[in-house]
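Residues 1 to 133 (full-length UniProt numbering) are what the sequence shown spells out, left to right. As structure tokens, the structure follows; a few thoughts come after it.
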Amino acid sequence: MALGQVPPSRELTLSGAGMSEYTDYLRDVFELFGPITARRMFGGHGIYHDGLMFALVSDETLYLKADDVNVGDFEQEGLGPFEYDKGGKVIQIAYYQAPEEIFEDRELAADWARRSFDAALRAQVGKRKPARK
């Protein structure tokens with residue numbers, strides 16, 4: 001099983017009702033962290049807590065938000081960033097594969113989720129809301 005992938009017993013099609021089931025599964029995984037919701041985006045799904053995206057799901061793989069503060073945690077575990085192809089160029093974004101262990105350890109899942117949510121909060125600092133017209 002690839003890092004960050006859902007254990008085979010939990011693999012689901014991540015569209016329609018399947019995503020609903022997967023979201024229910026992630027709610028269990030992140031139960032100690034708090035409530036989450038999922039929204040469709042770019043062929044995958046964004047995972048939100050308190051209205052802020054802290055994770056994404058693509059190709060049955062969970063990725064967590066990273067920044068300069070927590071990226072070392074991912075790198076230390078040998079976890080790679082989310083990548084996609086745009087016009088023949090590989091683009092990496094600040095979401096890294098989730099460690100496989102979080103699917104079996106709710107406290108560990110909550111810890112990783114908190115650190116990723118904190119990264120999402122830090123990313124919001126300094127972002128300006130567009131001026132009203």
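Here a beta-carbon is modelled for each residue, glycine too, at the ideal position from N, C-alpha and C. Every value quoted in this text rests on a predicted model; they were computed, and no experiment measured them.
For R27, which residues of its own chain have a beta-carbon under 7 angstroms away from its beta-carbon, when the five flanking residues on both sides are left out? In the sequence shown, residue 27 corresponds to position 27, counting from 1. Same-chain partners within the cutoff: I36.
Of all the alpha helix (DSSP H) runs that stay within the bounds of the stretch 34-98, which reach a length of 4 or more residues? 71-76
Ends of the alpha helix (DSSP H) at L121? Locating residue 121 in the sequence shown gives position 121, counting from the first residue. Element bounds for L121: 106-124.
Which word fits M53, buried or exposed, when buried means at least 16 other C-beta atoms lie within 10 angstroms of its C-beta? Taking the first residue of the sequence shown as position 1, residue 53 is located at position 53. Result: buried.
Beta-carbon proximity of Y63 to A38, cut-off 9 angstroms: Locating residue 63 in the sequence shown gives position 63, counting from the first residue. Locating residue 38 in the sequence shown gives position 38, counting from the first residue. Cβ atoms of Y63 and A38: not closer than 9 angstroms.
Could you tell me the alpha carbon to alpha carbon distance between G51 and K65, rounded to whole angstroms? As a first step, residue 51 must be located in the sequence shown, where it is residue number 51. As a first step, residue 65 must be located in the sequence shown, where it is residue number 65. Each residue's alpha carbon lies about 14 angstroms from the other.
How is E21 classed by DSSP in three states: helix, strand or coil? By 1-based counting over the sequence shown, the position of residue 21 is 21. E21: helix per DSSP, three-state reduction.
Backbone CA spacing between F103 and G88 [nearest angstrom]: Position 103 of the sequence shown, counted from the first residue, corresponds to residue 103. Position 88 of the sequence shown, counted from the first residue, corresponds to residue 88. Each residue's Cα considered, the two are about 34 angstroms apart.
Cα-Cα separation between E60 and Q97, rounded to whole angstroms: Position 60 of the sequence shown holds residue 60. Position 97 of the sequence shown holds residue 97. About 11 angstroms.
Contact check, F33 vs H49, beta carbons under 9 angstroms: As a working mapping, residue 33 is identified with position 33 in the sequence shown. As a working mapping, residue 49 is identified with position 49 in the sequence shown. Going by C-beta atoms, F33 is nearer than 9 angstroms to H49.
With DSSP collapsed to three states, give me the class of L26. Residue mapping note: residue 26 aligns to position 26 of the sequence shown, counting from 1. It is helical.
Alpha-carbon spacing of G70 relative to S116, whole angstroms: Here residue 70 is taken as the residue at index 70 of the sequence shown, counted from 1. Here residue 116 is taken as the residue at index 116 of the sequence shown, counted from 1. What sits at residue 70 in the sequence shown is Asn, not Gly. In a straight line, the C-alpha of N70 is about 8 angstroms away from that of S116.
Give the C-beta separation of A94 and F30 to the nearest angstrom, bearing in mind that I take them to be a contact with Cβ-Cβ under 8 angstroms. To locate residue 94, count along the sequence shown from 1; it is residue 94. To locate residue 30, count along the sequence shown from 1; it is residue 30. Actually they are not in contact, since the Cβ atoms of A94 and F30 sit about 19 angstroms apart, beyond 8 angstroms.
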